[in-house]
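S.K.: One structure coming up, written as structure tokens, with questions to follow.
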Amino acid sequence: MKKIESVGIIGMGALGLLYAKQITDGLGKDACFFAMDTERFEKYKNADFYINEKKCDFVIKDCNQCGPVDLVMVCVKGTTLDSAIKNMKNLVGPETIIVSVLNGISSEKAIAEVYGMDHLIYSVAQGMDAMKFGNKLNFTKCGNLHIGYSKDTKDENVQAVKEFFDRAKVPYIFEDDINYRMWSKFMLNVGVNQTCMVYDTTYQGVLEEGSEANRTYLSAMREVIAIAHAEGVPLTEKDVTTYVDITRGLKPTGTPSMGQDRINKKHSEVEMFAGTVIKIAAKHNILVPVNQFLYNRVKEIEKEY
53 MKKIESVGII
63 GMGALGLLYA
73 KQITDGLGKD
83 ACFFAMDTER
93 FEKYKNADFY
103 INEKKCDFVI
113 KDCNQCGPVD
123 LVMVCVKGTT
133 LDSAIKNMKN
143 LVGPETIIVS
153 VLNGISSEKA
163 IAEVYGMDHL
173 IYSVAQGMDA
183 MKFGNKLNFT
193 KCGNLHIGYS
203 KDTKDENVQA
213 VKEFFDRAKV
223 PYIFEDDINY
233 RMWSKFMLNV
243 GVNQTCMVYD
253 TTYQGVLEEG
263 SEANRTYLSA
273 MREVIAIAHA
283 EGVPLTEKDV
293 TTYVDITRGL
303 KPTGTPSMGQ
313 DRINKKHSEV
323 EMFAGTVIKI
333 AAKHNILVPV
343 NQFLYNRVKE
353 IEKEY
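My numbering numbers the first residue of the sequence shown as 53 and each following residue consecutively.
What follows is the structure, given as structure tokens:
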């Protein structure tokens, strides 16, 4: 069986830092490194990073000076996926495995168009409440990385990642139907991420029963159920309840990535969320007015930056 010994992480955001911490805590500082373009390398090579107020020491490399690794973890936002795909080219060899932890349901396809599906396994990160501002990351729940087989992936790659996560003590859950889990998390993100940004609120805010934010949060998720059924994915109202319960378990005063984007005045992943919903809905002649509203409002907010 393949054994993963070298790991390159693309993206030093909340999830990149979270997984780097887990891997280095389990296997030591040299078990993984961050790879980035020359400009970012010069900016961050001597920077200090803090996770839950504790200073962390990570290896950072210029991606132009890197060679192939056993595992590439793509931990960027959807807005920078294209540049990440270019920057990781030196890290990908014939046997390299690629795991994308991006939100949405399309990053694997975009990566596979360049490197081939043989390199990828499907995954989705879930259950964390990580918030990153500047070089500081704080979280109360680290969640799990959900992985699983699909008809497009190599079984040996999934087994190699499972063995590595076991060895590094990275929390993960193996899914019998990873496509269903990815769509379920997509449903949550469409609801909670966009609603928190549009209403400038927190997890607690979208859970306030009877509020406009709460109605938008739930309605946006239900529109995903409609398009999922058209795509052959059997999401149900039970999944909405499950993910509302997951949201209740997160830090009440926290906010997801798009909520943080509004605070930081950064462009968001709205194209991966409402943008994707709108495109799929149009293909099946399904009306999605709530996601259209969220899409338009996010674009208005981003114009004000």
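Where is the CB? At the ideal position from N, CA and C, for every residue including glycine.
Secondary structure at ASN187, three-state DSSP: helix, strand or coil?
M.R.: Residue numbering aside, residue 187 sits at position 135 when the sequence shown is read from its first letter. DSSP places ASN187 in coil when its eight states are reduced to three.
S.K.: Can you list, in chain order, the stretches of the beta strand (DSSP E) that have 3 or more residues and sit fully within the stretch 66-114?
M.R.: The stretch 66-114 contains these whole beta strand (DSSP E) runs: 84-88, 101-103, 106-108 and 112-114.
S.K.: Identify which residue in ALA177, ARG233 and GLN312 has its Cα closest to the Cα of SER202.
M.R.: Counting from one through the sequence shown, the residue named residue 202 turns up at place 150. SER202 has its Cα closest to that of ARG233, out of ALA177, ARG233 and GLN312.
S.K.: Determine the extent of the alpha helix (DSSP H) in which VAL166 is found, giving its start and end residues.
M.R.: Counting from one through the sequence shown, the residue named residue 166 turns up at place 114. 159-167 is the span of the alpha helix (DSSP H), which, as asked, contains VAL166.
S.K.: With MET310 and GLN256 assumed to form a contact (beta carbons below 8 Å), what rounded beta-carbon distance in angstroms separates them?
M.R.: Indexing the sequence shown from 1 puts residue 310 at position 258. Indexing the sequence shown from 1 puts residue 256 at position 204. The pair is not a contact, with the Cβ atoms about 16 Å apart (cut-off 8 Å).
S.K.: Tell me where the beta strand (DSSP E) around VAL244 begins and ends.
M.R.: Position 192 of the sequence shown, counted from the start, is the residue given in the question as residue 244. Not the beta strand (DSSP E): VAL244 falls in the alpha helix (DSSP H), residues 230-250.
S.K.: Closest to PHE101 by C-alpha separation, out of SER263, MET64, PRO341 and MET140, would be which residue?
M.R.: Along the sequence shown, one-based indexing puts residue 101 at 49. Minimum Cα distance to PHE101 is reached at MET64.
S.K.: Taking 7 Å as the limit between beta carbons, can you name the residues of its chain near THR131, skipping five residues before and five after?
M.R.: Your numbering for residue 131 matches position 79 in the sequence shown. Answer for THR131: HIS319 and GLU321, listed in chain order.
S.K.: DSSP three-state label for ASN196, please.
M.R.: By one-based count along the sequence shown, residue 196 stands at place 144. Strand at ASN196.
S.K.: Taking the alpha-carbon of ALA220 as reference, which of LYS54, MET53 and VAL59 has the nearest alpha-carbon?
M.R.: Here the question's residue 220 lines up with position 168 in the sequence shown. Answer by Cα proximity: VAL59.
S.K.: Tell me whether the stretch 90-99 and the stretch 175-184 touch, counting them as touching only if at least three CB pairs, one residue from each stretch, are closer than 8 Å.
M.R.: No contact exists between the stretch 90-99 and the stretch 175-184.
S.K.: Report back the beta-carbon spacing between ASP170 and SER236 to the nearest angstrom; my notes put them in contact at under 8 Å.
M.R.: If you number the sequence shown from 1, residue 170 lands on position 118. If you number the sequence shown from 1, residue 236 lands on position 184. At roughly 26 Å, the Cβ-Cβ gap does not stay under 8 Å, so ASP170 and SER236 are not in contact.
S.K.: Would the stretch 154-169 count as touching the stretch 101-116 if we require 3 or more Cβ pairs under 8 Å?
M.R.: Because the criterion of three Cβ pairs below 8 Å is not met, the stretch 154-169 and the stretch 101-116 do not touch.
S.K.: Is ILE199 closer than 9 Å to TYR167 when the C-beta atoms are compared?
M.R.: Translated into positions along the sequence shown, residue 167 becomes position 115. Translated into positions along the sequence shown, residue 199 becomes position 147. Not a contact, by the Cβ cut-off of 9 Å.
S.K.: Short check: CB of THR328 to CB of PHE238, under 9 Å?
M.R.: Position 276 of the sequence shown, counting from 1, holds the residue named residue 328. Position 186 of the sequence shown, counting from 1, holds the residue named residue 238. Yes, the Cβ-Cβ distance between THR328 and PHE238 is below 9 Å.
S.K.: In terms of alpha-carbon separation, which member of GLN344, TYR357 and LEU67 lies closest to LYS188?
M.R.: Taking the sequence shown and counting its residues from 1, the one referred to as residue 188 is at position 136. The option with the nearest alpha carbon to LYS188 is LEU67.
S.K.: When we look at the beta-carbon of LEU302 and count the other beta-carbons within 10 Å, is it buried (16 or more) or exposed?
M.R.: As a working mapping, residue 302 is identified with position 250 in the sequence shown. Answer is buried; the Cβ neighbour count reaches 16.
S.K.: What distance in whole Å lies between the Cβ atoms of ILE353 and VAL340, which are believed to be in contact at a cut-off of 8 Å?
M.R.: Numbered from 1 along the sequence shown, position 288 holds the residue referred to as residue 340. Numbered from 1 along the sequence shown, position 301 holds the residue referred to as residue 353. Wrong, their Cβ atoms sit about 19 Å apart, outside the cutoff.
S.K.: CA-CA distance, PRO146 and LEU172?
M.R.: Position 94 of the sequence shown, counting from 1, holds the residue named residue 146. Position 120 of the sequence shown, counting from 1, holds the residue named residue 172. C-alpha separation (whole angstroms): 12 Å.
S.K.: Taking DSSP as the reference, what is the three-state secondary structure of ALA177?
M.R.: The residue you call residue 177 lines up with position 125 of the sequence shown. If DSSP states are grouped into helix, strand and coil, ALA177 belongs with the strands.
S.K.: Could you check where the alpha helix (DSSP H) with LEU133 kicks off and where it finishes?
M.R.: Your numbering for residue 133 matches position 81 in the sequence shown. Where LEU133 is concerned, the enclosing alpha helix (DSSP H) stretches over 133-139.
S.K.: Do LEU346 and THR268 have their beta-carbon atoms positioned less than 9 Å apart in this structure?
M.R.: Translated into the one-based positions of the sequence shown, residue 268 becomes position 216. Translated into the one-based positions of the sequence shown, residue 346 becomes position 294. Result yes, Cβ atoms of THR268 and LEU346 sit closer than 9 Å.
S.K.: Distance, Cα to Cα, LEU251 vs PHE325?
M.R.: Looking up residue 251 in the sequence shown gives position 199. Looking up residue 325 in the sequence shown gives position 273. Residue identity differs from the one stated: residue 251 is Tyr in this sequence, not Leu. Spanning the two alpha carbons is a distance of roughly 16 Å.
S.K.: One question on the structure: do ASN142 and CYS115 come within less than 9 Å of each other, judged by their Cβ atoms?
M.R.: Here residue 142 corresponds to residue number 90 of the sequence shown, with the count starting at 1. Here residue 115 corresponds to residue number 63 of the sequence shown, with the count starting at 1. Yes; because the gap between Cβ atoms is below 9 Å, this pair is in contact.
S.K.: Does the Cβ-Cβ distance between LEU197 and GLN211 come in under 9 Å?
M.R.: Locating residue 197 in the sequence shown gives position 145, where the first residue counts as 1. Locating residue 211 in the sequence shown gives position 159, where the first residue counts as 1. No; because the gap between Cβ atoms is not below 9 Å, this pair is not in contact.
S.K.: Name, in chain order, the residues that DSSP records as bridge partners for VAL151.
M.R.: For the purposes of this step, residue 151 is taken as the residue at position 99 of the sequence shown. VAL151 pairs with MET125 and ILE173.
S.K.: Using the C-alpha atoms, what's the distance from ALA272 back to VAL296?
M.R.: For this step, residue 296 is matched to residue 244 along the sequence shown. For this step, residue 272 is matched to residue 220 along the sequence shown. For VAL296 and ALA272, the distance between alpha carbons rounds to 13 Å.
S.K.: Assign ASN209 to one of two classes, buried (16 or more other C-beta atoms within 10 Å of its C-beta) or exposed (fewer than that).
M.R.: As a first step, residue 209 must be located in the sequence shown, where it is residue number 157. It is buried - the Cβ of ASN209 has at least 16 other Cβ atoms within 10 Å.
S.K.: Report the option in LEU70, ASN266, HIS336 and ILE298 whose CA atom is closest to the CA atom of ILE279.
M.R.: To locate residue 279, count along the sequence shown from 1; it is residue 227. Checking every option, the nearest Cα to that of ILE279 belongs to HIS336.
S.K.: Measuring straight from C-alpha to C-alpha, what distance separates ILE149 and LEU123?
M.R.: Residue mapping note: residue 149 aligns to position 97 of the sequence shown, counting from 1. Residue mapping note: residue 123 aligns to position 71 of the sequence shown, counting from 1. So the two alpha carbons sit approximately 5 Å from each other.
S.K.: What is the DSSP secondary structure of ILE62, reduced to helix, strand or coil?
M.R.: To locate residue 62, count along the sequence shown from 1; it is residue 10. Correct three-state label for ILE62: strand.
S.K.: If you follow the alpha helix (DSSP H) that PHE217 is in, where does it begin and where does it stop?
M.R.: Along the sequence shown, one-based indexing puts residue 217 at 165. Its alpha helix (DSSP H) spans residues 207-220.
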